[in-house]
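Undergrad:
Residue numbers (the numbering used here): 44 to 352.
#1: Which residues does DSSP list as the beta-bridge partners of residue 145?
#2: Among 310, 277, 320, which one has its Cα closest to the Cα of residue 302?
#3: Between 319, 100, 108, which lies nearest to residue 353 when the distance is taken from Cα to Cα?
#4: By how many angstroms is the C-alpha of residue 95 removed from the C-alpha of residue 253?
#5: I need the DSSP call for residue 304, collapsed to helix, strand or coil.
#6: Counting along the chain, where does the alpha helix (DSSP H) carrying residue 158 start and finish?
#7: Beta-carbon within less than 6 Å of residue 201's beta-carbon, same chain only, minus the 5 sequence neighbours each way: which residues are those?
#8: Counting along the chain, where does the alpha helix (DSSP H) carrying residue 336 start and finish?
#9: Considering only the beta carbon of each residue, do residue 175 and residue 119 sit closer than 9 Å?
#10: Thinking just about the alpha-carbon of each residue, which of 309, 340, 170 is nearest to the one in residue 203?
#11: Measuring alpha carbon to alpha carbon, tell me which residue in 111, 105, 292 is nearest residue 98.
#12: What does DSSP give as the partner residues of residue 231 in its beta bridges?
#13: Since residue 172 sits in a beta bridge, which residues does DSSP pair it with?
#14: On a CA-only basis, which of 105, 247, 158 is nearest residue 115? Give me that one, please.
#15: Please report the Cβ distance between residue 354 and residue 305, rounded to the nearest whole angstrom; I am assuming they are in contact, meaning their Cβ atoms lie under 8 Å.
#16: Only counting the same chain, and skipping five residues up and downstream in sequence, which positions put a Cβ closer than 8 Å to that of residue 186?
#17: Kindly list the residues whose CB is nearer than 7 Å to the CB of residue 127, restricted to its own chain and excluding five residues on each side of it in sequence; keep chain order.
#18: Between the C-alpha atoms of residue 220 and residue 199, what's the straight-line distance to the nearest angstrom?
#19: According to DSSP, which residues form a beta bridge with residue 115?
#20: Report the residue from 334, 272, 117 whose alpha carbon sits nearest the alpha carbon of residue 326.
#21: Looking at the unbroken alpha helix (DSSP H) that takes in residue 201, where does it start and where does it end?
#22: Suppose the cutoff is 6 Å on Cβ atoms and the five residues either side in sequence are ignored; what does the same chain contact list for residue 353 look like?
#23: For a quick check, are the C-beta atoms of residue 194 and residue 171 less than 9 Å apart?
Below you can see the structure in the form of structure tokens.
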């Protein structure tokens, strides 16, 4: 979600602005000096805005859940460890990688609301991270001044076996979800990823798929409601956000539309016993031929059988 305001752009009229004389060159030099001075002032202003951003947060969060406990800045001893903890693409974490000016480890939905409101007001971009499983590091890097809203503390899972549904907060992982479902009932599951450390918030906003996809489709096919913070800091459910936004957040990349606090999903039936086996082949043992044959038979197999390479 880009928090900075957009400015109108007017192309220069090169015909009327050509430097025909030395006087024009002097004017151009003065203009360059003014631009450089403006850049310097903007940099100072950005620094001031960061402190204003920090002071803005408590005014827009719930008093019973102080946001000060959720704020990390580079001077905090745990800042670097929290930053790297869910940065799964370590290749990106070089010394040249830009760091956030702050990490908000949201402890309450109002912390997400405050972060959005204050970042928008003070020109900071917001990067939302639930599990950090993105190949390009988009949830924890940026080319402009930014803050990370880390959702790992918002990880509750509420399963209702009467309706066969679950509310899952964005910071919960797929492994935690599978475990909580199994605690309730051995013959229910949810079609989601194989990796157990995937954050539900980002995984489902990016479609979500796993070993149940042949029988039950994608994760987003089973989302029936959501809680979303919009660009003005308001919390919406499916009804208040509207069907267009609800359709868009399911696979369309959630950071374009808001901050997901939680998903409500429909559970699916699974057999009490599942058979899993692995066949290993090297290229010398005919792995290429095996892959070719898999392509021929995979579409014809029963939906209860999932095969992947």
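Where a beta carbon is used, it is the ideal one built from N, C-alpha and C, also for glycine.
TA: The answer reads as follows:
#1: 190
#2: 277
#3: Any answer about residue 353 is impossible in this case: the structure gives the chain only from 44 up to 352.
#4: 44 Å
#5: strand
#6: 152-164
#7: 210
#8: 330-340
#9: no
#10: 309
#11: 111
#12: 312
#13: 193
#14: 158
#15: This structure cannot speak to residue 354, because the chain is shown only from 44 to 352.
#16: 141
#17: 136
#18: 9 Å
#19: 146
#20: 334
#21: No alpha helix (DSSP H) contains residue 201, which is instead part of the beta strand (DSSP E) from 200-203.
#22: There is no way to answer for residue 353, as the model of the chain reaches only from 44 to 352.
#23: yes
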